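Chemist:
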Amino acid sequence: MNEVELLNWVRGPGLNIAIGIFLLGTIWRLFEIYSLGRKKDLSAPRHTAGASGWNTIARRSLAPPGMLKRSPISYIGGYVFHVGLAIVVFLFAPHIELIENLFGLSWPALPSQVVDLATVVTLAAMVLVLVDRINKPVKRYLSTVEDYFTWAVTFLPVLTGYMAVKHLLLPYTTMLALHILSVEILLVVLPFTKLFHVFTLFMSRWYNGQANAHKGVPV
Amino acid sequence: MSRRPTVAEQLARQGVSRRAFLKFCAAAASLMALPPSMAPAIAEALGKLRRPSVIWLSFQECTGCTESLTRSHTPTVESLIFDMISLDYHHTLQAAAGTAAEQAREDAMKEAGYLVLVDGSIPTRDGGIYSTIAGVTNLQMLKDALANAAAVVSIGTCAAYGGIPKADPNPTGAKSVQALMDEGLVPRKPVINVPGCPPIPTVITGVLAHYLTFGEIPELDSLGRPTMFYGDSIHDRCYRRPFYDQGMFAKTFDDEGARKGWCLFELGCKGPTTHNACATTKWNNGTSFPIESGHGCIGCSEPDFWDAGSFYTALSAPADPLTLATSATVAGAAIGVGMSFVNRAKKGAAKSGHETATLKDLEK
Ligand code: SF4
Chain A
3 MNEVELLNWV
13 RGPGLNIAIG
23 IFLLGTIWRL
33 FEIYSLGRKK
43 DLSAPRHTAG
53 ASGWNTIARR
63 SLAPPGMLKR
73 SPISYIGGYV
83 FHVGLAIVVF
93 LFAPHIELIE
103 NLFGLSWPAL
113 PSQVVDLATV
123 VTLAAMVLVL
133 VDRINKPVKR
143 YLSTVEDYFT
153 WAVTFLPVLT
163 GYMAVKHLLL
173 PYTTMLALHI
183 LSVEILLVVL
193 PFTKLFHVFT
203 LFMSRWYNGQ
213 ANAHKGVPV
Chain B
15 MSRRPTVAEQ
25 LARQGVSRRA
35 FLKFCAAAAS
45 LMALPPSMAP
55 AIAEALGKLR
65 RPSVIWLSFQ
75 ECTGCTESLT
85 RSHTPTVESL
95 IFDMISLDYH
105 HTLQAAAGTA
115 AEQAREDAMK
125 EAGYLVLVDG
135 SIPTRDGGIY
145 STIAGVTNLQ
155 MLKDALANAA
165 AVVSIGTCAA
175 YGGIPKADPN
185 PTGAKSVQAL
195 MDEGLVPRKP
205 VINVPGCPPI
215 PTVITGVLAH
225 YLTFGEIPEL
235 DSLGRPTMFY
245 GDSIHDRCYR
255 RPFYDQGMFA
265 KTFDDEGARK
275 GWCLFELGCK
285 GPTTHNACAT
295 TKWNNGTSFP
305 IESGHGCIGC
315 SEPDFWDAGS
325 FYTALSAPAD
335 PLTLATSATV
345 AGAAIGVGMS
355 FVNRAKKGAA
365 KSGHETATLK
375 DLEK
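Protein chains in written order, with our numbering: chain A, 3 to 221; chain B, 15 to 378.
(1) Work out the CA separation of Phe279 of chain B and Gly112 of chain B for me, nearest whole Å.
(2) Taking Val205 of chain B as the reference, give the member of B:Ser190, B:Cys277, B:Gly285 and B:Ala43 with the closest Cα.
(3) Specify the secondary structure class of Asn290 of chain B as computed by DSSP and reduced to three states.
(4) Any contact between the segment 83-100 of chain A and the segment 111-123 of chain A? By contact I mean 3 or more CB pairs, one from each, below 8 angstroms.
(5) Run through chain A and tell me which residues come within less than 7 angstroms of Val351 of chain B, C-beta to C-beta.
(6) I'd like to know whether the C-beta atoms of Met128 of chain A and Phe157 of chain A end up nearer to each other than 9 angstroms.
(7) For ligand 1, is there any heavy atom lying closer than 8 angstroms to the beta carbon of Ile305 of chain B?
(8) Between Thr171 of chain B and Cys283 of chain B, which are expected to be in contact by the criterion C-beta below 8 angstroms, what is the C-beta distance as a whole number of angstroms?
(9) By the DSSP assignment, the beta strand (DSSP E) with Asp102 of chain B in it spans what residues?
(10) Determine the extent of the alpha helix (DSSP H) in which Leu183 of chain A is found, giving its start and end residues.
(11) Closer than 6 angstroms by C-beta to Gly127 of chain B: which residues in its own chain qualify, once you throw out the five before and the five after it? Chain order, please.
(12) When DSSP labels each residue in this structure, what does Pro89 of chain B get in the three-state scheme?
(13) Based on Cα-Cα distance, which residue from B:Ala293, B:Gly300, B:Met98 and B:Ile248 lies nearest to Ser67 of chain B?
(14) Among A:Gln115, A:Leu26 and A:Trp56, which one has its Cα closest to the Cα of Ala213 of chain A?
(15) Compile a chain-ordered list of the residues in the segment 175-191 of chain A whose CB is closer than 7 angstroms to at least one CB of chain B.
(16) Can you find a heavy atom of ligand 1 that lies under 8 angstroms from the Cβ of Arg254 of chain B?
(17) Tell me whether Ala223 of chain B sits in a helix, a strand or coil according to DSSP, three-state version.
(18) By how many angstroms is the C-alpha of Phe194 of chain A removed from the C-alpha of Asn210 of chain A?
(19) Where does Ser341 of chain B fall in DSSP's three states?
(20) For Val150 of chain B, list the residues DSSP reports as bridge partners.
(21) Considering only heavy atoms of ligand 1, does any lie closer than 8 angstroms to the CB of Ile248 of chain B?
(22) Does the Cβ of Leu278 of chain B lie closer than 8 angstroms to at least one heavy atom of ligand 1?
(23) So, with DSSP's three-state summary, where would you put Trp2 of chain A?
(24) Helix, strand or coil, according to DSSP, for Phe204 of chain A in the structure here?
(25) Quick one: what's got a C-beta closer than 6 angstroms to Glu75 of chain B's C-beta in the same chain, skipping five residues either side?
(26) Quick one: using the 10 Å Cβ neighbour count with 16 as the cut-off for buried, is Leu188 of chain A buried or exposed?
(27) Going by the CB atoms, is the gap between Val133 of chain A and Gly80 of chain A shorter than 9 angstroms?
(28) The alpha helix (DSSP H) with Ser37 of chain A in it runs from where to where?
(29) Once you ignore the five residues that flank Ala26 of chain B on each side, which residues in its own chain have a CB closer than 7 angstroms to its CB?
(30) Could you check whether the Cβ of Thr202 of chain A sits closer than 9 angstroms to any Cβ belonging to chain B?
(31) May I ask you to check if the CB of Gly52 of chain A is nearer than 8 angstroms to at least one heavy atom of ligand 1?
(32) Quick check: is the beta carbon of Ala331 of chain B nearer than 9 angstroms to any beta carbon in chain A?
(33) Counting only Cβ-Cβ distances shorter than 9 angstroms, please list the residues of the segment 278-309 of chain B near chain A, keeping chain order.
(34) Rounded to whole angstroms, what's the CA-CA distance from Met165 of chain A to Pro159 of chain A? Just pull it up for me.
(35) List, in chain order, every chain A residue whose beta-carbon is nearer than 7 angstroms to that of Ala347 of chain B.
(36) Do Asn18 of chain A and Ala114 of chain B have their C-beta atoms within less than 9 angstroms of each other?
Shown next as C-alpha cells:
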C-alpha cells in the first residue's frame, strides 16, 4: 500500500468505520448512563447558598483556593491544552470544511499562522502535564495505563497534524494520512475510555452538585 | 547496422546551428534546475552522444500523452530533443505501418541498451487479451522489449500507476509497468515514472534530457518520480496559497471569492497532496495551469487519483459517503436500551434479595 492508497483508505472506508464505532459507542454509553436512574431522595431539601448543580459546574471549573499554587502545571497546563485543542480542532479551515460537509454548519476560520501557534502551545502544554504526571510521586501512583494511553491518542493527532502542515519528517501525503488515521483511532477509543468526559463532564458536575445541594452541601 | 551518428553530427546534418543548440542546452539546464553555466557542459555531453535508440510503446491509453508532447509549440525543446534520440518505434507517430512498423521495433530491439518509453497501462486479466498490437498482447510486447532495455520511462499516470484503466472495478486487470516488475511478470529494469494525465511536455523532455546528459536515472521519490520535477506539491508553489493561509476560500465557481481568485480548497482542490511541476512550469508554452484558470487541481499525477473521491469534494471531507452512520446510531441505541434493562434487572434482583439486618446480625 503506498501513501496515496493509505490516504484514500483513511478518507473513505476508514473514516466510515471510525465514525460508525464512535456513534455506536457514544449513543450506547449515553443511553446506559441516563437510564441508570437513582432512587428518589425522600428527605426534605435543604437550601444553602451556592449549593446547586449550576454552581458546582462553575466552581469546579476553577481551581479551589490554594491549589493553583500547589499544582500550577495541572491547572494552567490543563486549561491551556484544552483551549488550544478547541482552537486547533474547531478553527482550522480544513477542519471546518469537514464539519460543514458532515453537519452543514460552518463558521469563519483563523489564519493558519495563528492555528500553528496554538498547536505548538498545545503540544508544549501536553508534554508538560505528562512530565508533571510522571515526576510527581502521587500523580504517578494514581496514574493507570489508561491515563497514558488516552494522553497518547490525544497527542498524536495534534502532532501528526502539525508535522503534516509543516512538512516534517515524512511527505505531506503520508503525514496527512497518518494524521487522519490517528484521529480515527481517537474516535474509536473515545466512547470507551475516560475520554468520554467530552460528553459527561458537565452533566456529571451538574448531577453531583444537584444531589449534594439537596442535602444542603455546596460541593 | 550502420554506426549511429552523434547528436552533434545529426544536428549539423539538419542545419541546426551551434547557437540554437546551446540555447537548447541552456533551456535543458533550467528544466533540470541546474545553473545556466552548466549549458556548455551539457552541450559537450549531448554533442558526443550517439543518438540512443528509443522504443515508445503505447498500450491501454488515450494518446493524450503523445498529444501533450506533440501539441507543444515549434520550434521547441521538445522537437530538438527528438532530434537527439532515434525514435525507432512509436505506432502513432511513425510513418511505417503494419508489418514494417513491427519490423522496425524488432530491429531496434536487437542492439541492447535502448530506452523503452511506455504510455498506457497493461491489462493482465484473461492472459492480457484486452489490448493487443499486431496480435501480440501488451504484456508480451513489454516483456520482449524490456529484455535488452537499459531503462524504462513510464510516461503518464496509466503507465506509471495504472491510471484510469486501473480505476475501480478495473475490468481488464490493468497494471503499471512497475507493478508488473514487482510481480515478476516482466524483466526488472530501472524505472522512471513521469505521471500526469497527461504529463507536462517539458517534463517529459526534461527527464529525457537528464537521462541523455548524465547517462543515469535522476533522483526519484518514493513513487518513482524525478524529484527535480515532482519534488514540490502544487499547493506549496500555488500563487493562491496566501488565500489558503488566511482562510479565504471560493465557495462556488462563480461567487465573489472565485472572482477574486481565492483558494479553491473547498471546491475540491487536491493541490496539497499532488506533486507535479504545473504551478511552476505551467502549460501551453507557459501560459497558465488549471488552478490559474479557476479549477482546482484533480491530482492527476498521483496513484489512484480517479478513485480518491469526487474532484469537487474538499480533501479534508470524507471521500465516500458515511454509510455506517445510521445503522451504527440505531445499533448503539439498541445496545444502550438493552443494557439499561440488564442494569435494571440487576438492581431489581439486588433489591428483592435484600435482607434486613438486625442488631443481632451486627453483634455476630
Ligand atoms: S488553490 Fe489548491 S493548491 Fe492553491 S492554495 Fe488553494 S488548495 Fe492549495
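From the three backbone atoms N, C-alpha and C, an ideal C-beta is built for every residue, glycine too.
Here the structure is a predicted model, which is why all the values come from computation and not from measurement.
Modeler: On the basis of the data shown:
(1) 49 angstroms
(2) B:Ser190
(3) coil
(4) yes
(5) Phe33
(6) yes
(7) yes
(8) Rounded, the Cβ-Cβ distance is 18 angstroms, inconsistent with contact.
(9) Ser100 to His104
(10) Tyr174 to Val191
(11) Ala164
(12) Legend: pLDDT at Pro89 of chain B = 47, less than 50; position of this residue unreliable, no value from coordinates given.
(13) B:Met98
(14) A:Trp56
(15) Thr175 and Leu178
(16) yes
(17) helix
(18) 22 angstroms
(19) helix
(20) B:Ile147
(21) yes
(22) yes
(23) Any question about residue 2 of chain A goes unanswered here, given that chain A covers just 3 to 221.
(24) helix
(25) Asp133, Gly134 and Cys172
(26) buried
(27) no
(28) Pro15 to Leu38
(29) none
(30) no
(31) no
(32) yes
(33) Phe279, Glu280, Pro286, Thr287, Thr288 and His289
(34) 10 angstroms
(35) Ile29 and Phe33
(36) no
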